[in-house]
Amino acid sequence: MAAITAEGLVKVYGSGEKQVRALDGVDLEVPEGTVLGLLGPNGAGKTTAVRVLTTLLTPDAGRATVLGIDVVKHPHKVREQIGLSGQYAAVDENLTGRENLVMVGRLYHLGKAVARRRAGELLEQFSLTDAAERPAKTYSGGMRRRLDLAAALVVRPPVMFLDEPTTGLDPRTRIAMWDVIADLVKGGATLLLTTQYLEEADRLADSIAVVDHGKVIARGTADELKTQVGGERIQVVIHERDRLADAAALLERISGAPPQVDERTRELLAPVDGGAKFLVEAIRELDAASIGIDDIALRRPTLDDVFLSLTGRAAEEQPQDESEGGRA
Amino acid sequence: MSGSAPTLRAKSMPGLPGAFYDGWVVTLRNLRRMTRIPEMVVFATIQPIMFVLLFAYVFGGAIPVSGGSGGVNAYREYLLPGVFTQTLAFTTGTTAVGLADDLHKGLVDRFRSLPMARSAVLLGRTVADWIQNIFVLFIMAVCGLLVGWRIHDGAAKAIGAFALLMLFAYAMSWIGAVIGLSVRTPETANTAGFIWLFPVTFLSNAFVPTSSLPSWLQPVAEWNPISSTVLALRQLFGNPTGYKDGLPDVFPMQHPVLTSFAWSVLILAVFVPIAVRKYRSVST
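Listed below in structure tokens is the structure:
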């Protein structure tokens, strides 16, 4: 059974010329126990989709269910089954970490004693025990996110929604957060995760839906998308423009496909399937052929590459509008 | 995940018991956070003291007052019910800022994604502000007694006066709830919640008798809910009313207790449903 479904979701903001179709017919299906990554740039409609699925927002058209329960008809029943952690780390900064979690437990009606015990467990699980009695405003960004995530897990909900769980975190904290999320999923919960980072979706999601302008423009596993994009690439900038043809021939021999050549920037882009090995080989061969290298790197596909290959344009930053919560 | 317990099932608590339980949990949270922000406690204490002292000593002797028991403290006795009412009316701004802050920080989203009563966030906010107001009123009353304000007509009427005032404060809080849900940023709520209260509280009998106002403004001031509340307090405490030739011959001034009560009920009847509806659709 699908834990989460969406059929033809539409949400329109504003009217007339200023009208924004935040969701323009979104279909989703997340099988129980799997992770779906909703990948897209700012303003693509990811947050709006999460808000509809978590009953915070009523869609203008379409239908959505969580564990078979209609989110519009029975929002209260849906709320008993879900945990939501948003990109704004919605914790009360004047309460301590423990007080925040106990409050959420009580609002799930666990009873005071159970809510307390559960708060203690979660603080430990998220390495917040030392900071448990401090107001959340003294927490670092990563600690706040962990507390927010813990709040979403108070009842061990079978279905979880994480809206950009690592946006704004530094790389080290982001990786620590990934470990925490990966652990959660091992418990068998269904997870819908939104992200702007292909790497994050790749790391955490079983399947990915790419969203743009309120529509799902591609779906598949991370591998399928990457194949579509072209996987990793070697990017070389050579010193002399008149050696571009030589360098292109050389890279084609290594990668097995003709590289893209940019005359103006003296840049070559060659798809490779095997990473660092080819990079070493390329450096060695270019050096042996006495082709001067200004710059060389192994590039992993990013959201921009996915967009470039799917839509022929880069993922554009759209102005923050109400569709993203209006709090930016 | 550590030891799965079957008791960890979210339950809905339908109906009134759920509304009260959830509302109380949110009230406790709001009260707790008030004590966590020392500035808030300090201002909540100093502001009423400052108002009482400023009005008592700055305006104190300047305005002669008649009606009721006179004496050196006549204006102070006249003034204190006005200061009480004005200060508690300002709770509108407090509620607006508190709600806008929760909205702005995404806390309302968290609450709305939980299986809790829809009314709990509004109830928790207004009740917490109301409890804070009891504290504010207590401080103002003590301060008032120190500068010469007195209760003349016994405990029963005085308790009635305080109850009427607290009902009015609670009603004003719901106007604040609507403002807070409408503006969304705490900064705007701070302006939108407070600024209109200045004309509203000053265009009343809080500080001067309405008979001293230009004649075209008098009906406005007489029908102002602030005026009926202030006059009701003056009558119930036995303080001077400020009208030497008897009360103006208009209904709200002839029956201030009834009018103040009716205003509070009317404000609640109008603003509670608006606030609840706004809360339901606040993020759409």
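If you read the sequences in order, they're chains B and Z.
Under our numbering, the residue at position 30 of the first sequence is numbered 722, and the numbers go up by one with no gaps.
Under our numbering, the residue at position 244 of the second sequence is numbered 284, and the numbers go up by one with no gaps.
Here a beta-carbon is modelled for each residue, glycine too, at the ideal position from N, C-alpha and C.
Residue 853/B: member of the beta strand (DSSP E) spanning 851-855, first to last residue. In chain B, no part has a C-beta under 8 Å from the C-beta of residue 218/Z; the shortest such distance is about 18 Å.
Contact annotation, residue 840/B with residue 782/B: C-beta distance approximately 6 Å; criterion of less than 8 Å satisfied.
Closest by C-alpha distance to residue 916/B, out of 846/B, 901/B, 929/B and 820/B, is 901/B. Beta bridge pairing from DSSP links residue 952/B with 961/B. Annotation: the continuous beta strand (DSSP E) that includes residue 703/B extends over 694-705. Between the stretch 918-931 of chain B and the stretch 947-960 of chain B, the count of Cβ pairs shorter than 8 Å is three or higher; the stretches touch. For residue 909/B, the uninterrupted beta strand (DSSP E) segment begins and ends at 907-912. Pairing residue 919/B with residue 51/Z, the inter-Cα distance amounts to about 45 Å. Our two residues, residue 735/B and residue 309/Z, have alpha carbons roughly 39 Å apart in a direct line.
Distance between residue 228/Z and residue 704/B, taken at the CA atoms: about 26 Å.
In the three-state DSSP reduction, residue 899/B falls in the strand class (E or B). Against residue 53/Z, the close residues of chain B are 801, in the order they occur along the chain (beta-carbon pairs closer than 8 Å).
Along the stretch 59-77 of chain Z, the positions whose C-beta sits under 7 Å from a C-beta of chain B are 62, 65, 69, 72, 73, 76 and 77, read in chain order. Excluding residues up to 5 positions away in sequence, 143, 148 and 221 lie with their Cβ nearer than 7 Å to the Cβ of residue 322/Z in the same chain. About 26 Å separates the Cβ atoms of residue 1003/B and residue 853/B, ruling out a contact at the 8 Å cut-off. For residue 866/B, the uninterrupted alpha helix (DSSP H) run begins and ends at 863-878, by DSSP.
The beta carbon of residue 165/Z does not come within 8 Å of any beta carbon belonging to chain B, so the residue lies off that interface. Runs of the beta strand (DSSP E) spanning 3 or more residues and lying entirely within the stretch 724-764 of chain B occur at 727-731 and 753-758, in chain order. Note: residue 924/B is bridge-paired with 964/B in the DSSP secondary-structure output.
Residues of chain B with a Cβ closer than 7 Å to the Cβ of residue 155/Z are, in chain order, 768, 771, 772 and 800. Between residue 737/B and residue 715/B, the beta carbon gap of about 5 Å places them in contact (Cβ cut-off 8 Å). In the DSSP assignment, residue 775/B forms a beta bridge with 852/B.
Of the residues assessed, residue 153/Z falls on the buried side of the cut-off, its CB having 16 or more other CB atoms within 10 angstroms.
By the Cβ test, the stretch 122-131 of chain Z is in contact with the stretch 171-178 of chain Z, since at least three Cβ pairs between them sit closer than 8 Å. Taken through DSSP and simplified to helix, strand or coil, residue 933/B comes out as helix. DSSP lists 697/B as the beta-bridge partner residues of residue 721/B. By the rule that beta-carbons nearer than 8 Å mark a contact, residue 784/B touches chain Z.
Chain-ordered listing is empty here: chain B has no CB closer than 8 Å to the CB of residue 141/Z, the nearest sitting near 10 Å. Residue 86/Z and residue 879/B have their C-alpha atoms spaced approximately 53 Å apart. In the DSSP assignment, residue 149/Z falls within the unbroken alpha helix (DSSP H) covering 147-152. The Cβ of residue 232/Z sits no closer than 8 Å to any Cβ of chain B.
When secondary structure is reduced to three states using DSSP, residue 142/Z falls in the helix class. Between residue 270/Z and residue 243/Z the beta-carbon gap is near 12 Å, outside 8 Å, which marks them as no contact. CA-to-CA, the gap between residue 864/B and residue 834/B works out to about 10 Å. Spanning the alpha carbons of residue 935/B and residue 907/B requires a straight line of approximately 44 Å.
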